[in-house]
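Student: Quick note: to get our numbering, add 15 to the position in the sequence shown (first position is 1).
Glycine included, C-beta positions come from ideal geometry on N, C-alpha and C.
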Amino acid sequence: MELTDVIKKRKSVRSFQKIDVPNEILEEIIALARTSPSAGAIRGYKAIITKEKIVRIDAPVYLVICANPEAYVSRYGERGKNLYSIQDATIFGAYVQLLLVDGGLASVWIGAFREDKIKNTLNIEKHLKPIAIIALGHSL
């Protein structure tokens with residue numbers, strides 16, 4: 016699919032079929048999305064795949080995008096910690112969403128969630144900061 020077609024086709028989908036998405040496909044999408052721009056090529060973020068329902072929207076898979084702010088401190092100081100880490104993780108997440116469309120999948124970006132609940136439920140490491148959840152699967 017051409018990039019312009021992918022961009023035109025991408026939309027927020029909140030209803031998904033109960034069809035599993037294989038981890039191999041998700042890992043391939045994550046690997047491709049890691050080619051996104053990153054301050055100093057640090058790529059200080061992590062994508063956590065879970066099939067456990069963690070938000071109100073029912074989806075076969077949730078991808079929790081976490082920033083690692085401390086990864087930027089030595090090179091960029093507080094600006095890297097507070098800004099570049101969030102920017103990089105967000106750009107990565109946007110690439111993920113476009114790659115999902117290209118792969119015939121749908122998604123919705125969820126920014127409103129209780130960070131403490133997500134961190135506790137998924138045992139996310141203290142140094143990581145969840146910034147978005149992408150609910151994804153095959154659209155209804």
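1. Span of the beta strand (DSSP E) holding L143?
2. Please name the residue or residues paired with K61 in a DSSP beta bridge.
3. Do you know offhand how far P84's Cα is from F107's?
4. For the ligand HEM, I want to know if P52 counts as a neighbour, meaning its beta carbon is within less than 6 Å of at least one of the ligand's heavy atoms.
5. Could you check what DSSP says for F107 in three-state terms: helix, strand or coil?
6. Using only CA atoms, which one of D117, K134, L143 and L113 lies nearest to W124?
7. Does any residue of chain C have a CB that is nearer than 7 Å to the CB of I44?
8. Could you give the residue range of the beta strand (DSSP E) that holds I125?
9. Reducing DSSP to helix, strand and coil, say where S51 ends up.
10. Of all the options E140, N138, I133 and G55, which has the alpha carbon lying nearest to the alpha carbon of I148?
Tutor: In short:
1. Note, L143: premise wrong, no beta strand (DSSP E); not H, not E.
2. C81
3. Near 15 Å, if we compare the C-alpha coordinates of F107 and P84.
4. Judged by which ligands are present, the structure shown has none, so any question about the ligand HEM falls away.
5. helix
6. For W124, the nearest C-alpha among the options comes from L113.
7. Absent from the structure: chain C. Only one protein chain is present.
8. A121 to I125
9. DSSP places S51 in coil when its eight states are reduced to three.
10. I133
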